[in-house]
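Here's the structure, in structure tokens; my notes come after.
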Amino acid sequence: MVSRNLSSYMNTTLRGADVKTSKVATRLVLSYHHCVVLTTRPLVMCVLQKRLATGSNDKSIPDGPISSLLQTCVASAVNTLKALKALGDDNLLDSFLPFQLEAAWSSAFLLKVLEILSSGLVPDRSYLEEAHYIFDIMNQRGSPAAKLRKCDFERLEQLVSSFLSTPSQGNNEYPEEHSSSQEDPFKEANAEGSHNIDPVESLQWDLFDNESGFALSPTELMDLAESLHMEDFFVARQEDDD
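Position 153 of the sequence shown, counted from 1, bears residue number 158 in our numbering, the numbering being contiguous throughout.
Right, dumping it as structure tokens:
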């Protein structure tokens, strides 16, 4: 809801002036979308790690909270690049400070990574031209960091294209002699009667379980949050100050 309201607000005019050209309004909008991108980035990298670990060609993501968060990330990243491109069209990009450059890089990076997860998440590939356009303008205006970010993004494009064009080999990506030279530490345990577990099936989409490396479950996190009596803390501080 907030994202849609901000997008509609940026397309309005106030007293004959285009809101897109307002640095104050653009700064607020970029700050909001950049926070969304940075907040969802760990989730994107976690899902990417699981996708690479499974080696599956299936790029479908089940409907649920993870899919919704990824779609929110895509929307904020796309809106960030569109807002920066609008500033570039009016020669209003800030090339001295790093904030707008990092916002462009973070958004373009995640959108490119999301192509590996699911092509349907990023249906519009115009963000590629917008990202290069932003990097080029900042580079022309003397930003050395913009040139480095552009090189990093071009390298990322090559890696993603190479990965998508290579057939997935799953867990058989290592040479046969390498796998045969090392013994599986769990081989004896499985031979004694334990059931073999498919590593692909063991990687579930529940990213918040304890087996995924998170120490606390969502319920435990909520209990911890409720146990923090912040109001009592502030009251105690005020009494001490008095």
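Backbone N, C-alpha and C define an ideal beta-carbon position, used for all residues, glycine too. Computed from a predicted structure; not experimentally measured.
Segment contact: the segment 98–107 against the segment 44–64, fewer than three CB-CB distances shorter than 8 Å; contact not assigned. Contact between PHE158 and ALA91 fails: their C-beta atoms lie close to 20 Å from each other, not under 8 Å.
VAL34: member of the alpha helix (DSSP H) spanning 28–59, first to last residue.
Boundaries of the alpha helix (DSSP H) around PRO70: 70–94. Judged by pairs of C-beta atoms under 8 Å, the segment 32–51 touches the segment 74–88, as three or more such pairs exist. For VAL127, there is no enclosing alpha helix (DSSP H), as DSSP marks it with neither H nor E.
Looking only at LEU133, ILE142, GLY125 and MET50, the smallest Cα-Cα distance to ASP95 is reached by ILE142. Of the residues assessed, LEU169 falls on the exposed side of the cut-off, its CB having fewer than 16 other CB atoms within 10 angstroms.
Membership of LEU161 in the alpha helix (DSSP H) is indicated by the continuous run 149–170.
Here DSSP, grouped into helix, strand and coil, assigns PHE140 to helix.
In the three-state reduction of the DSSP assignment, PHE104 falls in the helix class. Around SER72, the same chain offers ILE66 as residues with beta carbons nearer than 8 Å, after the five sequence neighbours per side are excluded. Taking LYS28 as the centre and dropping the five residues before and after it, the same chain places the C-beta of LEU97 closer than 7 Å to its C-beta, in chain order.
The C-beta separation of GLU120 from VAL165 comes to about 6 Å, placing the pair in contact by the 8 Å criterion.
Straight-line measurement puts the Cα of HIS137 at about 10 Å from the Cα of LYS152. Your pair ARG154 and TRP110 checks out as a contact, with CB atoms roughly 5 Å apart and the cut at 8 Å. Remark: C-beta atoms of LEU115 and VAL127 do not approach each other more closely than 7 Å. The Cβ atoms of ILE139 and LEU74 do not sit closer than 7 Å to each other.
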